[in-house]
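Data first, discussion second: the structure below is written as structure tokens.
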Amino acid sequence: MNEPCSVVIYQPVKNPMQSGKAGMGQCWLLDYEEPHEDARFIEPVMGWTGSSNMQKQLKLRFDTKEEAIAYAERQGYRYTVREPKARKLIKRNYADNFQYKKASQ
Numbered sequence: 816m817n818e819p820c821s822v823v824i825y826q827p828v829k830n831p832m833q834s835g836k837a838g839m840g841q842c843w844l845l846d847y848e849e850p851h852e853d854a855r856f857i858e859p860v861m862g863w864t865g866s867s868n869m870q871k872q873l874k875l876r877f878d879t880k881e882e883a884i885a886y887a888e889r890q891g892y893r894y895t896v897r898e899p900k901a902r903k904l905i906k907r908n909y910a911d912n913f914q915y916k917k918a919s920q
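Those letters in the sequence shown? Residues 816 to 920, per the working numbering, in order.
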């Protein structure tokens, strides 16, 4: 019959076009996964891509991971939580930018 929807709960990553950390980690997103049997199709007249599943277009925003998980459980969704990766910091001095580096041969 109807299987429950699968969703992914994750924290969005920082925009690579921005250098600061402002706005990072402030929300969690719940994204619907596209079922395999509900493939997209090409509309023959205009050539547009279509689908019978509009949930793939939705991204629900939550303040905390716990709120997103509670929503998924209330709706009966199967969910996967993707924890954010820790940011790697490389400590360097400003003078390191101007040091001579030999080209490897």
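Beta carbons are placed, not taken as given, at the ideal position from N, Cα and C, and that holds for glycine.
According to DSSP, residues forming a beta bridge with residue i
i, result
"residue 897", "825"
CB contact flag (residue i, residue j, <7 Å)
i, j, result
"residue 819", "residue 892", "yes"
"residue 856", "residue 862", "no"
C-alpha distance - residue i paired with residue j, whole-angstrom precision
i, j, result
"residue 835", "residue 872", "28 Å"
"residue 908", "residue 916", "15 Å"
"residue 925", "residue 887", "Because residue 925 is not part of the residues shown, which for the chain are 816 to 920, the question remains open."
"residue 896", "residue 904", "25 Å"
"residue 870", "residue 833", "29 Å"
"residue 875", "residue 829", "18 Å"
"residue 884", "residue 860", "41 Å"
"residue 900", "residue 877", "19 Å"
"residue 825", "residue 879", "10 Å"
Which listed residue (the options) has its alpha carbon closest to that of residue i
i, options, result
"residue 898", "845, 859, 865", "845"
"residue 821", "843, 847, 854", "847"
"residue 882", "832, 842, 833, 829", "842"
"residue 868", "880, 854, 877", "854"
Contact test: residue i Cβ vs the ligand FAD heavy atom, cutoff 6 Å
i, result
"residue 916", "The ligand content of the structure shown is nil, which means the ligand FAD is not present either."
Ignoring anything shorter than 3 residues or poking outside the segment 845 to 885, list the beta strand (DSSP E) runs there in chain order. 874 to 877
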